Amino acid sequence: MSTEPIRRIVAGVREGLPATVEVFLERTWDQVPAYVASPDPGLREDVADHAEAVFRAVLTTLEEGRGALREDFYLSPGQAANRVRQGIALADFLHAFRIGQVALWESIVDVAAQDPETERAVLPAATHVMQVIEVGSTVAAEAYLDSQQTVLAEGDRVRRDLVEDLLAGREVPVGPRLDIARSCGLEREGRAAVLVAVPSHPLRVGESLREMLRVVRTELGPTQEGLAVIRQEQMIGILPMTSDDIEALVPDLRRVHERLARQGVELTVGISTVHTGWSGVPAAYAEAGIARGSLGEAPGVVALSMLSTVDYLVLRDDPIARRVIRQRLREFVLDDLARDGAMIETLQAYVASDLNAKLAAERMHMHVNTAYYRLDRIAQRTGCDLRRFADVEELVFAVRLLAGPQLAADFRPKNQ
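Residue numbers (our numbering): 714 to 1129.
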C-alpha cells in the first residue's frame, strides 16, 4: 500500500497533527462526561500525548505498508494505567479511542481530497486504518484491564490491612490506609458499628464469600458507606453511623439476607452496638461475634442491642456459671436433651406464654392436661416451683447454659 499518493497523505496529516489532536480533545471533553469529571489536572495533557502517539503509529504503518504490531502502541499500557488511576471507566476509555479514530480519519480524508490522485488512494487505506486502530484499541483495553486488576488487588490488600489495624486497635498511619478509611466515611473520632457474617452451612461448589460480599455491597447501594472485607472465612463490615440507633440498620441487612437466601445462600449475621472512635472497633468486633453466636448455626440477622441481659450473660460461655448449676437441674436438662427434648420444649413454650399453661398448650398444639402433666414432671424432677419467677429463672438459666446457643435462641421472641 505504500505508494507515492499514500506518502503524500501521510505527510499532510502529520503536518496538521496538532490540530487533529485538538479536535479529538474537544470532542472527547464534550462527549464523554467522565473526562470532565476526573479530578486529575494532568488528564488532558496525558490524553493528548496518548492520542498523538496512536495517530503517529497509524500513519507509520500506512506509510510503510505493513500491518500493525503491538509494539507500535508502546505508550498505551502506561496511559491505560493512568486512566484507571484517573477514574476513567473502560467504556469511557474506549469511547475516547473511537472518537480519536474518527478525528484521524477525517484528517486523512481532508488531506486526500486536495488532489485527485490522493483522493483515489484513500479509499483502499480505510480498511488498513481500521485494522490498525483495532490492534491499538485491543492493546489499550488489555492494558487497562491488567492495570485495573492490579489496582483492585492493591485496594483489597490495603483494605484488609486497614481492617487489621482497626480490629487490633492500632493507629492507622498516614497514607493509603488512612485515605481509604476517610473515603469510606470512617473518621478517627466518628461513630461506627461492626458486623460479622458467616455462612450458616458449608458453601457449595461455585459459591464464595467474595461473591456474597459483592451482593451485599450491591444491595446496600452506594449511599451506605463503610468498609467490608473477607477475613478468616468471615465477612467483616465496619460501618460509619450517624446515631446510636443500630437497629435502624437491621431492616436493610435483613433485606440483603433474604436476597441471598433466595439464591440458596444463608448467613448468620451479628451486629455490634455503636462505638465512638476507632479505639472502640476491637470491642465492637467482639460484640458482633457475641451477637452472631446468639443465633448458633441458624441463619438470621441480630444486633447485640436486641439481646436481653440474660441472653448476653448466657452467651458469655462462663465455665464457672456451669459449675454452679444445681445437680438436680443439671441432670434434668442433660437427660431431656439426650431424649427427645419434650420437657425443655414445654418449658420454652411456658416461658414464652408468660407462665400460662393454657397458652403454652395452644402454642404447642397439645391438650392442656398434657401441658400440666409435663410441667408437674419438670417440677418434681428439678424441685422448682414453676409458679415462682425465681425458680423458673434459675431453670431457664440452666437450660440456656447447658443446651448451647441454638436452644438458648429459642427462648427469645421470634421477631428477633
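Every residue, glycine too, gets a C-beta built ideally from N, C-alpha and C.
The model shown is predicted, which means the values in this text are computed figures rather than measured ones.
>> Taking a contact to mean a Cβ-Cβ separation below 8 Å, would you say Q947 touches V909 in this structure?
In response: By one-based count along the sequence shown, residue 947 stands at place 234. By one-based count along the sequence shown, residue 909 stands at place 196. Cβ distance < 8 Å, so Q947 and V909 count as in contact.
>> For a test of the three-state rule: what should DSSP assign to T989, helix, strand or coil?
In response: Sequence index remark: in the sequence shown, residue 989 carries index 276 (1-based). In this structure, T989 counts as strand in the three-state DSSP scheme.
> To the nearest angstrom, how far is it from the Cα of E867 to the Cα of E739?
Replying inline: In the sequence shown, residue 867 corresponds to position 154, counting from 1. In the sequence shown, residue 739 corresponds to position 26, counting from 1. Those two C-alpha atoms are separated by around 34 Å.
> Who does G950 pair with in a DSSP beta bridge?
Replying inline: Here the question's residue 950 lines up with position 237 in the sequence shown. G950 is bridged to L908, A941.
> If you follow the alpha helix (DSSP H) that L788 is part of, which residue opens it and which one closes it?
Replying inline: Indexing the sequence shown from 1 puts residue 788 at position 75. Where L788 is concerned, there is no enclosing alpha helix (DSSP H), given that its DSSP letter is neither H nor E.
>> Quick check: the Cα distance between G1096 and A1004, rounded to an integer number of angstroms?
In response: Position 383 of the sequence shown, counting from 1, holds the residue named residue 1096. Position 291 of the sequence shown, counting from 1, holds the residue named residue 1004. About 33 Å.
>> Could you tell me the alpha carbon to alpha carbon distance between M1019 and V1027, rounded to whole angstroms?
In response: On the sequence shown, residue 1019 is found 306 positions in, with the first residue counted as 1. On the sequence shown, residue 1027 is found 314 positions in, with the first residue counted as 1. Looking at the two C-alpha atoms, the distance is approximately 14 Å.
>> By the three-class DSSP mapping on this structure, what secondary structure does A1016 have?
In response: The residue given as residue 1016 occupies position 303 in the sequence shown. Reduced to three states, the DSSP call for A1016 is strand.
> Just to confirm, are I846 and V771 a CB contact at a threshold of 8 Å?
Replying inline: Your numbering for residue 846 matches position 133 in the sequence shown. Your numbering for residue 771 matches position 58 in the sequence shown. Result yes, Cβ atoms of I846 and V771 sit closer than 8 Å.
> Mapping DSSP to helix, strand and coil, what is K1127?
Replying inline: For the purposes of this step, residue 1127 is identified with residue 414 of the sequence shown, where counting begins at 1. With a pLDDT of 44 at K1127, under the threshold of 50, the modelled position of this residue cannot be trusted, and the question is left open.
> With a cut-off of 8 Å, do at least 3 Cβ pairs link the stretch 724-742 to the stretch 806-821?
Replying inline: yes
> On the premise that Q792 lies in contact with G763, defined as a C-beta separation below 8 Å, what is that separation, rounded to the nearest angstrom?
Replying inline: Taking the first residue of the sequence shown as position 1, residue 763 is located at position 50. Taking the first residue of the sequence shown as position 1, residue 792 is located at position 79. Contrary to the premise, residue 763 reads as His rather than Gly in this sequence. Contact flag correct, Cβ pair sits at about 4 Å.
> Can you tell me whether Q1061 is buried or exposed, with buried defined as 16 or more other CB within 10 angstroms of its CB?
Replying inline: One-based indexing of the sequence shown puts residue 1061 at position 348. With 16 or more other Cβ atoms within 10 Å, it is buried.
> In this structure, does DSSP put L858 in helix, strand or coil?
Replying inline: Your numbering for residue 858 matches position 145 in the sequence shown. Looking at L858 - three-state DSSP - the assignment turns out to be helix.
>> At the level of alpha carbons, what is the spacing between P1126 and T851?
In response: Indexing the sequence shown from 1 puts residue 1126 at position 413. Indexing the sequence shown from 1 puts residue 851 at position 138. Note that P1126 has pLDDT 43, beneath the 50 cutoff, so the model's placement of it is unreliable and the number below is only indicative. Roughly 59 Å separates the two Cα atoms.
>> Taking its Cβ as the centre, do 16 or more other Cβ atoms sit within 10 Å of E1106, making it buried, or is it exposed?
In response: As a first step, residue 1106 must be located in the sequence shown, where it is residue number 393. By the 10 Å Cβ count, E1106 comes out exposed.
> Apart from the five residues just before and just after R727, which ones in its own chain have a Cβ nearer than 7 Å to its Cβ?
Replying inline: On the sequence shown, residue 727 is found 14 positions in, with the first residue counted as 1. L772, listed in sequence order.
> When the Cα of R1039 is compared with those of H1078, T981, F1110, K1071, which residue comes out closest?
Replying inline: To locate residue 1039, count along the sequence shown from 1; it is residue 326. Of H1078, T981, F1110, K1071, the residue nearest in Cα terms is F1110.
> Going by Cα to Cα distance, which pick from R927, T716, R1090, Y857 is closest to E830?
Replying inline: Position 117 of the sequence shown, counting from 1, holds the residue named residue 830. When each option's Cα is compared against that of E830, the closest is T716.
> Taking one C-beta from the stretch 951-958 and one from the stretch 894-909 each time, how about it: are there three or more such pairs within less than 8 Å?
Replying inline: yes
> With a Cβ-Cβ cutoff of 8 Å, do T1059 and L1099 count as a contact?
Replying inline: Working through the sequence shown from its first residue, we reach residue 1059 at position 346. Working through the sequence shown from its first residue, we reach residue 1099 at position 386. Taking 8 Å as the Cβ cut-off, T1059 and L1099 do not qualify as a contacting pair.
> Would DSSP call T716 helix, strand or coil?
Replying inline: For the purposes of this step, residue 716 is taken as residue 3 along the sequence shown, with counting starting at 1. Here T716 sits in coil by DSSP.
>> Between E979 and H914, how many whole angstroms is the CB-CB distance? I'm expecting something under 8 Å.
In response: Looking up residue 979 in the sequence shown gives position 266. Looking up residue 914 in the sequence shown gives position 201. With a Cβ gap of about 7 Å, E979 and H914 count as contacting.
>> So the candidates are R930, L1008, D958; which of them puts its Cα closest to the Cα of L973?
In response: Stepping through the sequence shown from its first residue, residue 973 is reached at position 260. Nearest of R930, L1008, D958 to L973, Cα basis: R930.
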